[in-house]
Amino acid sequence: MGGGKLVVDRVRMAFARRRGEPVVALEEISLTVAEEEFVAIVGPSGCGKSTLLRLVAGLMEPTSGRMLLDGREIRGPSADRGMVFQSYTLFPWLTVQRNVEFGLSLRGVPAAERRAIARRFIAEVGLEGFEDAYPEQLSGGMRQRTALARALANDPEILLMDEPFGALDSQTRQLMQELLLGIWEHAHKTVLFITHDIDEAILLADRVLVMTARPGRIKKELVIELPRPRDISLLTSPAFMAYKREVLELLHGEALRAERGASEVGAGG
Amino acid sequence: MDLRRVLAPKEEIPAGLRLALGALTGISFLALWSWLTYGGLVRPDFLAPPHEVLTAALRGLERGTLLRHIQASLLVILSGFALASVIAVPLGILMGSFQVVAAVLEPITGFMRYLPVSALIPLLILWVGIGIEEKIAVIFLGTFFQQLVLISDVSARVSKDLIDCSYTLGASRGQVVTRVLFPACLPGVMDNLRVTMGWAWTYLVVAELVAANSGLGYMILNAMRGLFTDVILLGIFVIGLLGLLTDQIFKWIRRWLVPWSPAF
Chain A
1 MGGGKLVVDR VRMAFARRRG EPVVALEEIS LTVAEEEFVA IVGPSGCGKS TLLRLVAGLM
61 EPTSGRMLLD GREIRGPSAD RGMVFQSYTL FPWLTVQRNV EFGLSLRGVP AAERRAIARR
121 FIAEVGLEGF EDAYPEQLSG GMRQRTALAR ALANDPEILL MDEPFGALDS QTRQLMQELL
181 LGIWEHAHKT VLFITHDIDE AILLADRVLV MTARPGRIKK ELVIELPRPR DISLLTSPAF
241 MAYKREVLEL LHGEALRAER GASEVGAGG
Chain B
270 MDLRRVLAPK EEIPAGLRLA LGALTGISFL ALWSWLTYGG LVRPDFLAPP HEVLTAALRG
330 LERGTLLRHI QASLLVILSG FALASVIAVP LGILMGSFQV VAAVLEPITG FMRYLPVSAL
390 IPLLILWVGI GIEEKIAVIF LGTFFQQLVL ISDVSARVSK DLIDCSYTLG ASRGQVVTRV
450 LFPACLPGVM DNLRVTMGWA WTYLVVAELV AANSGLGYMI LNAMRGLFTD VILLGIFVIG
510 LLGLLTDQIF KWIRRWLVPW SPAF
């Protein structure tokens with residue numbers, strides 16, 4: 001447990017309610033992410049997977065337990081944990097170029113240097129020629145490309161991705177998955193990726209963690225031993241299908257539990 | 270041109286038709302006015318005919334009184350509005366995003382925003398006298414609390430994800446306020462300043478009700494005593510036109526200041 005880049009150690013998260021017992025979102029989660037590893041977490045909706053990511057980002061404090069990045073305890077948000085959100089979070093008043101430079105400019109990186117770094121990552125996500133466009137003028141896929149470039153330009157120790165392609169149509173989503181595969185396979189960032197899309201998790205990750213319905217726990221860990229470099233042709237291979245069947249079966253039971261849990265809450269509240 | 274299409278909800282109409290319909294409204298209004306006055310249906314001391322309003326305008330311009338009144342009113346309106354905006358914009362932004370600020374201010378804003386400004390005039394006279402300060406104070410009080418509530422609403426609607434995202438990019442709390450919250454509020458602030466500028470004009474006559482000796486509101490009130498309906502109508506038209514002009518100026522400033530955000 002001590003050797004991971006990111007260590008989540010018995011983290012529990014309960015939300016207080018105005019009346020009644022607190023809602024337990026996460027029940028004693030422990031996990032590690034190794035240096036340069038790509039870990040995906042899948043789970044039914046409402047299982048607390050986004051909460052887990054926000055805890056790692058330092059945007060929330062856990063009820064108990066602790067989290068370490070490079071052996072140092074996580075207290076509050078910081079540039080060493082970059083995040084890409086599902087919602088569009090580009091700064092609408094800044095051009096693509098300025099958005100990507102944002103984190104660097106906060107740290108006082110000289111203008112020429114930050115311009116060069118931003119250009120490199122804009123090229124990496126395939127947005128050359130759109131440097132001076134405002135977010136309003138971009139498609140959903142292009143906005144998420146910019147958000148990815150912005151997170152990468154800040155050179156974080158770990159990249160946290162919260163269903164970053166969840167709002168995109170399925171063709172655009174596949175393009176984005178391929179783009180991320182390409183970038184990850186040569187940049188070798190440490191990534192913690194949240195999704196409810198099973199294909200996405202298996203295609204991208206070295207390891208897939210399946211979560212239970214609320215209160216969320218890690219139900220099972222699957223090591224994905226598919227060869228790299230990967231691309232979307234993998235989606236129809238027998239090995240991929242075998243992984244998919246396993247995750248589907250694990251999740252199906254949880255989805256049923258989640259539904260039942262929701263209806264109980266509905267009837268009781 | 271398909272009539273059914275033109276009369277369907279939310280359908281675009283040709284630009285020419287739009288202009289023609291607008292012009293028709295203006296012409297109908299003038300025609301009705303002329304018919305009532307020149308046709309002898311309304312006595313001229315109740316409603317002055319169009320040409321008398323025009324001559325009143327020319328007379329006012331010739332003597333310089335009209336410009337003097339416009340200047341006096343503009344000074345009152347712009348000072349009151351600027352003073353209110355300078356305080357309400359930053360305070361409103363903080364109020365919408367910091368619950369501490371909201372908790373402190375809400376009892377005051379909640380009470381003040383439903384209070385008619387005219388109810389405060391006696392107190393204002395006692396406290397600041399009957400000079401230009403009192404008139405500026407009326408405009409200030411009429412706009413400030415409305416601005417505060419509207420702008421705090423703009424600030425409250427800035428997405429939490431945008432703020433959280435800034436933290437993960439390494440922003441401090443101070444940087445989040447100055448480099449994210451303030452620019453994110455700018456389009457909404459401009460829209461609401463434009464709306465409240467319109468309201469400031471509506472307080473003008475109230476502001477010049479007491480002990481004024483110049484200004485468009487004073488001009489109207491003074492003309493009432495002598496039944497000079499031509500001057501009253503002139504005052505109304507000038508206020509309307511100036512209101513329209515400031516509205517246009519705000520549209521231009523917004524387009525120049527926030528080119529990245531489409532106007533509503």
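Residue numbers (the numbering used here), protein chains in the order written: chain A, 1 to 269; chain B, 270 to 533.
Each residue gets a CB set at the ideal place from its N, CA and C atoms; glycine is no exception.
Would you call residue i buried or exposed, if buried means 16 or more other Cβ atoms sit within 10 Å of its Cβ?
i	result
L526/B	exposed
M211/A	buried
G269/A	Its pLDDT being 32, under 50, G269/A is placed unreliably in this model, and the value from its coordinates should be taken loosely. G269/A should be labelled exposed.
F298/B	exposed
L288/B	exposed
M1/A	Summary for M1/A: the model assigns pLDDT 46, below 50, so the residue's position carries little reliability; its value from the coordinates is reported in the next sentence. Exposed, by the Cβ-count rule.
Q416/B	buried
G141/A	buried
M241/A	exposed
F165/A	buried
P77/A	buried
I508/B	buried
S170/A	exposed
A292/B	exposed
V11/A	buried
F409/B	buried
M67/A	buried
Q368/B	exposed
N154/A	buried
A267/A	Because the pLDDT of A267/A is 43, which lies under 50, any placement of that residue in the model is unreliable, and the number read from its coordinates should be weighed accordingly. So A267/A ends up on the exposed side.
Y487/B	buried
Just confirm the distance between the C-beta atoms of residue i and residue j, as a whole number of angstroms; I'd bet it's less than 8 Å.
i	j	result
V247/A	I198/A	5 Å
G103/A	A133/A	At roughly 19 Å, the Cβ-Cβ gap does not stay under 8 Å, so G103/A and A133/A are not in contact.
V96/A	I122/A	6 Å
R173/A	V39/A	About 19 Å; that fails the 8 Å criterion.
V322/B	D499/B	5 Å
L127/A	A149/A	7 Å
I522/B	M466/B	Between M466/B and I522/B the Cβ distance is about 11 Å, and since that is not below 8 Å, they are no contact.
I339/B	W470/B	About 12 Å; that fails the 8 Å criterion.
L209/A	L31/A	6 Å
E294/A	P229/A	Look at the range of chain A in this structure, 1 to 269, and you will see that residue 294/A is not part of it.
W93/A	L363/B	In fact, because the Cβ distance is near 19 Å, the residues do not count as touching under 8 Å.
S105/A	R114/A	6 Å
G349/B	I405/B	4 Å
S354/B	V427/B	S354/B to V427/B, Cβ: 19 Å. No contact.
Y243/A	I224/A	6 Å
K5/A	I183/A	At roughly 18 Å, the Cβ-Cβ gap does not stay under 8 Å, so K5/A and I183/A are not in contact.
V56/A	L160/A	6 Å
A357/B	I420/B	6 Å
Hey, quick one: how far does the beta strand (DSSP E) through residue i stretch, first residue to last?
i	result
F193/A	190 to 195
E221/A	218 to 223
D9/A	6 to 15
M67/A	64 to 69
D433/B	Taken as a continuous stretch (DSSP letters only), D433/B belongs to no beta strand (DSSP E), being part of the alpha helix (DSSP H) at 429 to 437.
M83/A	81 to 84
F130/A	Careful: F130/A lies outside any beta strand (DSSP E) and carries neither H nor E.
S30/A	23 to 33
D314/B	Here D314/B belongs to no beta strand (DSSP E), and DSSP marks it neither H nor E.
V423/B	Per DSSP, V423/B belongs to no beta strand (DSSP E); it is in the alpha helix (DSSP H), 401 to 425.
V208/A	207 to 211
L336/B	Counting along the chain, L336/B falls outside any beta strand (DSSP E), though it belongs to the alpha helix (DSSP H) covering 334 to 366.
Could you tell me which chain B residues have their CB closer than 8 Å to the CB of residue i, listed as they occur along the chain?
i	result
A201/A	Those do not exist, as A201/A stays about 22 Å from chain B at its closest Cβ, beyond 8 Å.
Could you give the residue range of the alpha helix (DSSP H) that holds residue i?
i	result
F451/B	451 to 471
A57/A	49 to 57
F38/A	Premise fails: F38/A lies in the beta strand (DSSP E), 38 to 42, not in any alpha helix (DSSP H).
D516/B	498 to 526
M60/A	Note, M60/A: premise wrong, no alpha helix (DSSP H); not H, not E.
D199/A	198 to 204
L290/B	284 to 307
Check the Cβ of residue i against every Cβ in chain C and list those closer than 8 Å, keeping chain order.
i	result
G82/A	Protein chains in the displayed structure are A and B, and chain C is not among them.
List the residues of chain A that residue i touches, going by C-beta distances under 7 Å, in chain order.
i	result
W529/B	P92, W93, Y134, E136
Could you list which residues in chain A have their beta carbon closer than 8 Å to that of residue i, in chain order?
i	result
S428/B	S87, T89
Could you name the residues of chain B that residue i contacts, counting a contact when the two beta carbons are closer than 7 Å?
i	result
L106/A	L438, G439, A440, Q444
P270/A	What is shown of chain A runs 1 to 269, which leaves residue 270/A out entirely.
L59/A	D433, Y436
F102/A	L438
> Any residues in the segment 442 to 468 of chain B with a beta carbon nearer than 8 Å to a beta carbon of chain A? Which ones, in chain order?
Replying inline: The residues in question are Q444, R448, V449, P452, A453, L455.
>> Using a Cβ-Cβ cutoff of 9 Å, what residues of the segment 354 to 387 of chain B are near chain A? List them in chain order.
In response: For the segment 354 to 387 of chain B, which is checked against every Cβ of chain A, not one residue is closer than 9 Å.
> Between the segment 407 to 433 of chain B and chain A, which residues of the former have a C-beta closer than 8 Å to a C-beta of the latter?
Replying inline: S428, D430, L431, D433
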